[in-house]
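First up is the structure itself, then whatever we jot down about it.
Protein chains: 4
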Amino acid sequence: MRRLLDAGIDVFARRGFHAARVDDIVKAAKTSHGTFYLYFANKEDLFQALVADVAEEMRGLADSLGPIGSDPRGRAELRAWLDRFTTLYEHYGPILRTWTEAEIDQNALGRLGTDLLGDLALAVSRRIAANGARDVDPAVASLAVVAMIERFNYFVLSGQVSADRAEMLDTLATVMHDALFTSPR
Amino acid sequence: MRRLLDAGIDVFARRGFHAARVDDIVKAAKTSHGTFYLYFANKEDLFQALVADVAEEMRGLADSLGPIGSDPRGRAELRAWLDRFTTLYEHYGPILRTWTEAEIDQNALGRLGTDLLGDLALAVSRRIAANGARDVDPAVASLAVVAMIERFNYFVLSGQVSADRAEMLDTLATVMHDALFTSPR
Amino acid sequence: MRRLLDAGIDVFARRGFHAARVDDIVKAAKTSHGTFYLYFANKEDLFQALVADVAEEMRGLADSLGPIGSDPRGRAELRAWLDRFTTLYEHYGPILRTWTEAEIDQNALGRLGTDLLGDLALAVSRRIAANGARDVDPAVASLAVVAMIERFNYFVLSGQVSADRAEMLDTLATVMHDALFTSPR
Amino acid sequence: MRRLLDAGIDVFARRGFHAARVDDIVKAAKTSHGTFYLYFANKEDLFQALVADVAEEMRGLADSLGPIGSDPRGRAELRAWLDRFTTLYEHYGPILRTWTEAEIDQNALGRLGTDLLGDLALAVSRRIAANGARDVDPAVASLAVVAMIERFNYFVLSGQVSADRAEMLDTLATVMHDALFTSPR
DNA sequence: TATGAATGAGATTTCATTCAT
DNA sequence: AATGAATGAAATCTCATTCAT
Numbered sequence: 001m002r003r004l005l006d007a008g009i010d011v012f013a014r015r016g017f018h019a020a021r022v023d024d025i026v027k028a029a030k031t032s033h034g035t036f037y038l039y040f041a042n043k044e045d046l047f048q049a050l051v052a053d054v055a056e057e058m059r060g061l062a063d064s065l066g067p068i069g070s071d072p073r074g075r076a077e078l079r080a081w082l083d084r085f086t087t088l089y090e091h092y093g094p095i096l097r098t099w100t101e102a103e104i105d106q107n108a109l110g111r112l113g114t115d116l117l118g119d120l121a122l123a124v125s126r127r128i129a130a131n132g133a134r135d136v137d138p139a140v141a142s143l144a145v146v147a148m149i150e151r152f153n154y155f156v157l158s159g160q161v162s163a164d165r166a167e168m169l170d171t172l173a174t175v176m177h178d179a180l181f182t183s184p185r
Numbered sequence: 186m187r188r189l190l191d192a193g194i195d196v197f198a199r200r201g202f203h204a205a206r207v208d209d210i211v212k213a214a215k216t217s218h219g220t221f222y223l224y225f226a227n228k229e230d231l232f233q234a235l236v237a238d239v240a241e242e243m244r245g246l247a248d249s250l251g252p253i254g255s256d257p258r259g260r261a262e263l264r265a266w267l268d269r270f271t272t273l274y275e276h277y278g279p280i281l282r283t284w285t286e287a288e289i290d291q292n293a294l295g296r297l298g299t300d301l302l303g304d305l306a307l308a309v310s311r312r313i314a315a316n317g318a319r320d321v322d323p324a325v326a327s328l329a330v331v332a333m334i335e336r337f338n339y340f341v342l343s344g345q346v347s348a349d350r351a352e353m354l355d356t357l358a359t360v361m362h363d364a365l366f367t368s369p370r
Numbered sequence: 371m372r373r374l375l376d377a378g379i380d381v382f383a384r385r386g387f388h389a390a391r392v393d394d395i396v397k398a399a400k401t402s403h404g405t406f407y408l409y410f411a412n413k414e415d416l417f418q419a420l421v422a423d424v425a426e427e428m429r430g431l432a433d434s435l436g437p438i439g440s441d442p443r444g445r446a447e448l449r450a451w452l453d454r455f456t457t458l459y460e461h462y463g464p465i466l467r468t469w470t471e472a473e474i475d476q477n478a479l480g481r482l483g484t485d486l487l488g489d490l491a492l493a494v495s496r497r498i499a500a501n502g503a504r505d506v507d508p509a510v511a512s513l514a515v516v517a518m519i520e521r522f523n524y525f526v527l528s529g530q531v532s533a534d535r536a537e538m539l540d541t542l543a544t545v546m547h548d549a550l551f552t553s554p555r
Numbered sequence: 556m557r558r559l560l561d562a563g564i565d566v567f568a569r570r571g572f573h574a575a576r577v578d579d580i581v582k583a584a585k586t587s588h589g590t591f592y593l594y595f596a597n598k599e600d601l602f603q604a605l606v607a608d609v610a611e612e613m614r615g616l617a618d619s620l621g622p623i624g625s626d627p628r629g630r631a632e633l634r635a636w637l638d639r640f641t642t643l644y645e646h647y648g649p650i651l652r653t654w655t656e657a658e659i660d661q662n663a664l665g666r667l668g669t670d671l672l673g674d675l676a677l678a679v680s681r682r683i684a685a686n687g688a689r690d691v692d693p694a695v696a697s698l699a700v701v702a703m704i705e706r707f708n709y710f711v712l713s714g715q716v717s718a719d720r721a722e723m724l725d726t727l728a729t730v731m732h733d734a735l736f737t738s739p740r
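As structure tokens, this is what we get:
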């Protein structure tokens with residue numbers, strides 16, 4: 001069952017939800033079709049189990065974003081947080097993205113995704129809001145920041161852009177830290 | 186054929202590449218399977234045609250991002266550009282995202298996506314670079330910005346976040362304009 | 371489609387509903403799985419179509435049981451009716467019986483069967499009732515008679531008893547005719 | 556093992572032979588798959604064991620049909636015998652019918668069924684034959700009567716007709732008693 | 001050009017049976 | 001004796017593609 005979950009992450013990552021065949025997952029887990037259906041009602045059921053895992057991890061991550069200072073030390077803490085995000089994303093990112101695949105959006109999974117996004121944004125939002133007026137709504141701005149983090153991670157980890165992980169983290173940390181403690185000239 | 190292309194955008198958007206059935210497309214286009222294969226070699230062929238359209242439009246958009254001034258007028262121009270991006274994204278976004286679906290990444294389509302991303306980032310990069318030193322690489326930072334634009338659009342248009350289009354555009358314009366003309370305190 | 375219906379009768383007859391494989395039906399109809407699912411949603415759907423056919427034929431048969439005289443001519447007419455029943459039963463009997471298979475009873479099909487049985491019994495009942503007092507309820511007695519007809523046909527046609535068709539018809543005609551025009555000594 | 560036999564009757568009754576899953580039987584018996592195969596070689600083996608039980612009971616019942624008088628007392632004895640049949644049928648009827656499911660007919664079980672039917676018919680036949688001339692063969696007529704008894708029981712017990720048990724027994728007793736002691740007008 | 005019935009390879013799912021504990 | 005997780009052969013069902021009209 002653990003093997004099936006891991007195989008699921010692996011195969012969904014490589015193929016996406018619809019192109020992933022139960023046969024692939026079963027082979028990757030070195031088990032049989034029968035065993036698969038012993039633990040999961042169907043492909044979507046396994047997927048939901050994975051999503052539940054991601055959700056839990058992500059929520060924990062959101063909670064772990066504490067107060068950030070305006071000094072370089074604050075920037076370093078922010079970078080460390082982004083590093084944890086990326087580590088998680090390396091493992092669960094494909095599930096995160098697969099689950100925003102069209103058609104799956106509709107149901108409970110979609111709502112879970114929305115909630116999750118909201119949690120992350122809220123964590124960021126609290127930091128932005130704590131740092132004085134900006135002529136944008138912190139709640140909205142934080143969503144933009146979360147959007148940037150998620151997609152940039154995807155671009156880098158999927159090899160679509162050539163930046164390496166360190167560069168990415170530096171850039172994100174800087175842009176975010178600036179966003180928190182910079183005011184327009 | 187025009188009807189098939191439009192139906193393709195519609196169905197790929199709702200279902201993603203793998204879950205989209207030729208039957209759905211054909212029904213949406215009010216034509217027959219036979220006709221589909223008269224114009225396209227197979228499902229991927231139609232998809233490629235759509236991607237080519239997106240690519241052309243996106244390249245045009247990238248080219249249209251001219252010099253941006255540091256004044257409010259510059260911000261307004263930037264917002265207008267983002268508005269054009271969003272309009273395009275409303276139509277072609279699903280194709281843009283579908284094509285980053287795993288498995289399709291591998292081939293020519295994937296490379297096309299990478300190029301496109303690069304084009305957009307380059308356009309943004311030129312603006313950032315023009316505005317003096319920052320301790321991040323403009324090429325990398327611009328990718329982060331493009332990532333933010335794309336994903337925020339997705340979040341908003343897919344209804345995953347409750348911000349409306351105007352709020353989104355304001356926020357993106359502000360964050361980008363700040364990024365171009367702000368320096369750390 | 372006609373071929374699939376005929377193949378269905380054939381295969382359901384030989385194997386019963388659950389043991390009949392779609393593959394058998396498809397092979398018997400010299401067509402493909404794809405074609406099967408083009409016309410029928412699933413195995414039960416084909417079965418329902420067959421049942422609808424049986425029901426229609428049986429209802430027609432029930433309607434055709436006219437007034438029966440007490441003379442030998444009446445007995446001959448009764449025998450002719452039974453002959454028509456048996457002819458129908460040779461073709462559709464297996465469907466008739468399969469559909470009383472457990473589990474299928476529950477739903478709409480079950481009700482259809484009950485109705486059909488009622489129609490046949492009603493036709494017989496009218497004849498019995500028309501022929502004076504008996505210390506049994508004609509409605510119930512007629513059901514017993516229908517039960518006899520159906521099951522005796524099954525026993526004979528399935529080879530479980532060695533009587534031939536003519537003997538069976540003679541016996542049923544006599545027993546029924548007696549039932550209509552005999553009073554206790 | 557007793558529990559498995561009872562569970563078998565129950566599940567075969569509700570689902571028929573092919574649709575009955577070993578899992579259902581095992582669950583109904585509150586035991587495990589392993590235990591099932593400890594006592595029975597396979598699903599058919601359990602079924603055969605049940606059939607053997609039915610056969611024994613039915614044979615005993617056939618033997619118990621003694622001489623029937625033409626007086627009301629004879630009719631009461633006949634009704635009592637039918638009552639015993641019905642009691643048996645309530646318990647074993649589903650097995651009786653399941654085993655006439657197509658496909659099972661072929662083998663040893665089929666022959667057993669034929670023999671059993673013959674035994675019952677023979678018992679009835681002896682009664683009919685003892686009561687003078689009729690222009691039908693008693694052996695055949697008795698089969699018709701047995702057919703009626705079996706199927707009417709099924710109709711009533713399965714709820715396909717609304718008659719209650721008492722009505723059914725009265726009707727069958729009357730019709731059979733008449734058949735034994737009535738001559739055409 | 002246009003159609004849509006037909007196909008069949010390949011996917012999902014079920015379930016009788018085995019076997020290590 | 002008893003268990004129940006694991007198996008895989010065999011069933012059901014889907015859908016991209018073809019082809020006769």
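Quick mapping for you: the protein sequence lines, in order, are chains A, B, C and D.
Each residue of the first sequence is one higher than the one before, counting from 1 in my numbering.
Each residue of the second sequence is one higher than the one before, counting from 186 in my numbering.
Each residue of the third sequence is one higher than the one before, counting from 371 in my numbering.
Each residue of the fourth sequence is one higher than the one before, counting from 556 in my numbering.
Quick reminder that beta carbons are idealized off the backbone N, C-alpha and C, glycines included.
Small disclaimer: the values here were computed from a predicted structure and weren't measured.
Residue i and residue j closer than 8 Å at C-beta
i: R127 of chain A; j: L180 of chain A; result: yes
i: H573 of chain D; j: V581 of chain D; result: no
i: L122 of chain A; j: R59 of chain A; result: no
i: R630 of chain D; j: M518 of chain C; result: no
i: N153 of chain A; j: G93 of chain A; result: yes
i: L539 of chain C; j: R443 of chain C; result: no
i: L431 of chain C; j: L458 of chain C; result: yes
i: A163 of chain A; j: L328 of chain B; result: yes
Rounded distance between the beta-carbons of residue j and residue i, thought under 8 Å
i: E275 of chain B; j: L342 of chain B; result: 6 Å
i: T86 of chain A; j: R165 of chain A; result: 7 Å
i: V161 of chain A; j: F155 of chain A; result: 5 Å
i: A213 of chain B; j: D195 of chain B; result: 6 Å
i: L559 of chain D; j: Y592 of chain D; result: Actually they are not in contact, since the Cβ atoms of L559 of chain D and Y592 of chain D sit about 11 Å apart, beyond 8 Å.
i: G8 of chain A; j: L50 of chain A; result: 5 Å
Pairwise C-alpha distance: residue j and residue i
i: A141 of chain A; j: I253 of chain B; result: 21 Å
i: S125 of chain A; j: V239 of chain B; result: 34 Å
i: F47 of chain A; j: W284 of chain B; result: 21 Å
i: A390 of chain C; j: V691 of chain D; result: 39 Å
i: D363 of chain C; j: D376 of chain C; result: The structure shown does not extend to residue 363 of chain C, since chain C is modelled only from 371 to 555, so the question has no answer here.
i: S619 of chain D; j: P508 of chain C; result: 30 Å
i: D304 of chain B; j: D209 of chain B; result: 33 Å
i: E167 of chain A; j: R2 of chain A; result: 34 Å
i: S440 of chain C; j: T729 of chain D; result: 21 Å
i: K400 of chain C; j: I465 of chain C; result: 21 Å
i: E447 of chain C; j: M731 of chain D; result: 24 Å
i: R454 of chain C; j: G529 of chain C; result: 19 Å
i: T590 of chain D; j: V577 of chain D; result: 11 Å
Range of the contiguous alpha helix (DSSP H) that encloses residue i
i: P693 of chain D; result: 693-712
i: R97 of chain A; result: 72-98
i: F8 of chain A; result: Rather than Phe, the amino acid found at residue 8 of chain A in this sequence is Gly. From DSSP, the alpha helix (DSSP H) with G8 of chain A extends over 2-19.
i: Q418 of chain C; result: 413-433
i: G589 of chain D; result: 588-594
i: V531 of chain C; result: No alpha helix (DSSP H) holds V531 of chain C; DSSP gives it neither H nor E.
i: I253 of chain B; result: Careful: I253 of chain B lies outside any alpha helix (DSSP H) and carries neither H nor E.
i: A583 of chain D; result: 577-583
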